[in-house]
């Protein structure tokens, strides 16, 4: 009897289990076994949304000492450009998004330190490009930036023609050639009847080239350089010895300049020594920044140099100037403007090249990113030459005897073609554009 009852219970349990399984199968069918193979393949091949990767861009330059503000102006422009790029989503290559970060290192304009900084940035951050604003340090960096397996793009913020003569395939020179200003100053001086000039220009490769180029141009016109007294604008603060030697020769004008803060000291000291004549500022020194340092233009009557950024003449120039000065609490300079534009050009070249880490491909893509219009940027860049010089207008502006800035004269310097001049005039928002012929 017990055996029969146990058998019945067992059968009842089995029946309930079978019923439950049947019900479960009806309510939740296993469709995965019916999925076609091509659906599986499509799911596996769909790319995932990868998080943005950060690309580090390098900077080595003077961030301490007398030229610290000059270096910082470069860094500020780069940082502002990178912030703008990142705020707009960075760039996307393939399925990967990239954002950018600046790694800035102080080299105090010392060549050995600059090379050490570059090697460190390559080793630690794998930077594809390094910006530098002093030719004395740019030159040794160009000596190592093509080492096989360790290449980087040299983004050179220096106007010296020597950069283009160094036979380097991985260089981009950012500002206009200083020969633009050599020609402009010499022509203005000659038209004013000046025939004797003195020079107190910064030491180093950039300053040496400037002095040599100006002497050659001026003497070819029949002018005379009375005294040449170079000074180290990166370390000195007292220029009275050099200025006194030049003033003793009774010059009609004096060519001066280096980093802006030191140049302001030279102007102040020259006026204190009794010199009231015209002063020409090499393009590294910026007149509007000198004005800020000196507290006005009272000591700057007859000074000529690179135009003030407020007179850049583009639709965005004033807006950029306000945003920059609000953010950094200091005057907007051409170092800031050109570096802001250069980082945009660099990132656009990466996008065109389809890579963020191949300097050769990135450099090859640069011609595709121009022109950069004044409708979007604070200045204009038209194209890039075969040897790496970005083509943007160079200008000369004078502060008159009342302390007012005159209308700048802007120069097309990379071509003597009237067709190119007319194309630039048609594209540009700037006025008073003419050709000046230079050889680099």
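In the UniProt record's numbering, the protein residues as written are 1 to 440. We put the beta carbon where it would ideally sit given N, CA and C, even for glycine.
Residue from the options with nearest C-alpha to residue i
| i | options | result |
| --- | --- | --- |
| residue 389 | 366, 151, 232 and 89 | 366 |
| residue 65 | 418, 223 and 107 | 107 |
| residue 257 | 230, 246 and 411 | 230 |
| residue 109 | 252, 77, 127 and 70 | 70 |
| residue 360 | 84, 153, 334 and 85 | 153 |
| residue 53 | 76, 172 and 96 | 96 |
| residue 206 | 217, 162 and 240 | 162 |
| residue 173 | 213, 384, 185 and 402 | 384 |
| residue 378 | 387, 392 and 289 | 392 |
| residue 85 | 74, 105 and 55 | 55 |
| residue 326 | 68, 50 and 80 | 80 |
| residue 350 | 59, 77 and 92 | 92 |
| residue 197 | 104, 218, 50 and 259 | 218 |
| residue 203 | 67, 315, 190 and 267 | 67 |
| residue 311 | 362, 396 and 369 | 396 |
| residue 305 | 328, 260, 315 and 346 | 260 |
| residue 404 | 355, 276, 300 and 294 | 300 |
| residue 167 | 142, 245 and 147 | 142 |
| residue 132 | 113, 126 and 189 | 113 |
| residue 292 | 265, 313, 316 and 314 | 265 |
| residue 251 | 194, 58 and 190 | 194 |
| residue 87 | 329, 200 and 344 | 344 |
| residue 294 | 358, 425, 434 and 263 | 263 |
| residue 150 | 420, 130, 372 and 386 | 130 |
| residue 60 | 89, 82 and 140 | 140 |
| residue 241 | 255, 208 and 200 | 200 |
| residue 233 | 227, 225 and 208 | 208 |
| residue 440 | 419, 420, 387 and 235 | 387 |
| residue 410 | 244, 314 and 324 | 314 |
| residue 134 | 126, 146 and 111 | 111 |
| residue 255 | 412, 235, 408 and 225 | 225 |
| residue 431 | 323, 416, 402 and 380 | 380 |
| residue 126 | 357, 382 and 363 | 357 |
| residue 371 | 189, 190, 82 and 427 | 427 |
Contact belief for residue i with residue j at Cβ below 8 Å, rounded distance in angstroms
| i | j | result |
| --- | --- | --- |
| residue 335 | residue 157 | 7 Å |
| residue 253 | residue 221 | Incorrect: roughly 13 Å between the Cβ atoms, too far for contact. |
| residue 302 | residue 277 | 6 Å |
| residue 394 | residue 429 | Residue 394 to residue 429, Cβ: 16 Å. No contact. |
| residue 121 | residue 346 | In fact, because the Cβ distance is near 15 Å, the residues do not count as touching under 8 Å. |
| residue 288 | residue 331 | 6 Å |
| residue 118 | residue 75 | Not really, about 16 Å apart at Cβ, beyond 8 Å. |
| residue 438 | residue 183 | 6 Å |
| residue 115 | residue 144 | 6 Å |
| residue 443 | residue 425 | Outside the displayed range of the chain (1 to 440) lies residue 443, so it cannot be described from this structure. |
| residue 339 | residue 90 | The Cβ separation is near 19 Å, so there is no contact. |
| residue 337 | residue 309 | 6 Å |
| residue 316 | residue 348 | Their Cβ separation, rounded to whole angstroms, is 17 Å, which puts residue 316 and residue 348 out of contact at 8 Å. |
| residue 227 | residue 244 | So it is not a contact: roughly 10 Å between Cβ atoms. |
With 16 other Cβ atoms within 10 Å as the buried cut-off, status of residue i
| i | result |
| --- | --- |
| residue 62 | buried |
| residue 124 | exposed |
| residue 128 | buried |
| residue 414 | buried |
| residue 406 | exposed |
| residue 165 | exposed |
| residue 342 | buried |
| residue 101 | exposed |
| residue 192 | exposed |
| residue 160 | buried |
| residue 307 | buried |
| residue 136 | buried |
| residue 321 | buried |
| residue 51 | exposed |
| residue 185 | buried |
| residue 422 | exposed |
| residue 333 | buried |
| residue 17 | Confidence in residue 17 is poor, its pLDDT being 35 and thus under 50, which makes the residue's placement too unreliable to answer from. |
| residue 238 | exposed |
| residue 73 | buried |
| residue 28 | The predicted position of residue 28 is uncertain, since its pLDDT is 37 and thus under 50; a value taken from the coordinates is nonetheless stated next. Counting Cβ neighbours within 10 Å, residue 28 comes out exposed, since fewer than 16 surround it. |
| residue 94 | exposed |
Inset, instruction - Say whether the region 265 to 274 touches the region 209 to 229, bearing in mind that this needs 3 or more beta-carbon pairs closer than 8 Å, one atom from each stretch. - result: Put simply, the region 265 to 274 does not touch the region 209 to 229. Fewer than three CB pairs are less than 8 Å apart.
Inset, instruction - Check whether the region 280 to 300 touches the region 177 to 190, counting contact only when three or more Cβ pairs, one atom from each stretch, lie closer than 8 Å. - result: When C-beta atoms of the region 280 to 300 are compared with those of the region 177 to 190, three or more pairs fall below 8 Å, so the two segments count as touching.
Inset, instruction - Let me know the alpha helix (DSSP H) ranges lying completely inside the region 357 to 388, each 4 residues or longer, listed in chain order. - result: Counting only runs of 4 or more, we get 359 to 365.
Legend entry - alpha helix (DSSP H) runs wholly inside the region 265 to 297, at least 4 long, in chain order: If one requires a minimum length of 4 residues, the alpha helix (DSSP H) runs lying completely within the region 265 to 297 are 287 to 294, in chain order.
Inset, instruction - Return the chain-ordered ranges of every alpha helix (DSSP H) run that is complete within the region 110 to 153 and spans a minimum of 4 residues. - result: Unbroken alpha helix (DSSP H) runs of no fewer than 4 residues, entirely contained in the region 110 to 153, are found at 111 to 125 and 135 to 142, following chain order.
Inset, instruction - Kindly provide the ranges of any beta strand (DSSP E) runs that are 3 or more residues long and lie completely inside the region 156 to 196, ordered along the chain. - result: Whole beta strand (DSSP E) segments, 3+ residues: 171 to 173.
Inset, instruction - Within the region 213 to 267, note down every full alpha helix (DSSP H) run reaching 4 residues or more, in order along the chain. - result: Counting only runs of 4 or more residues that sit fully inside the region 213 to 267, the alpha helix (DSSP H) segments are 240 to 247, in chain order.
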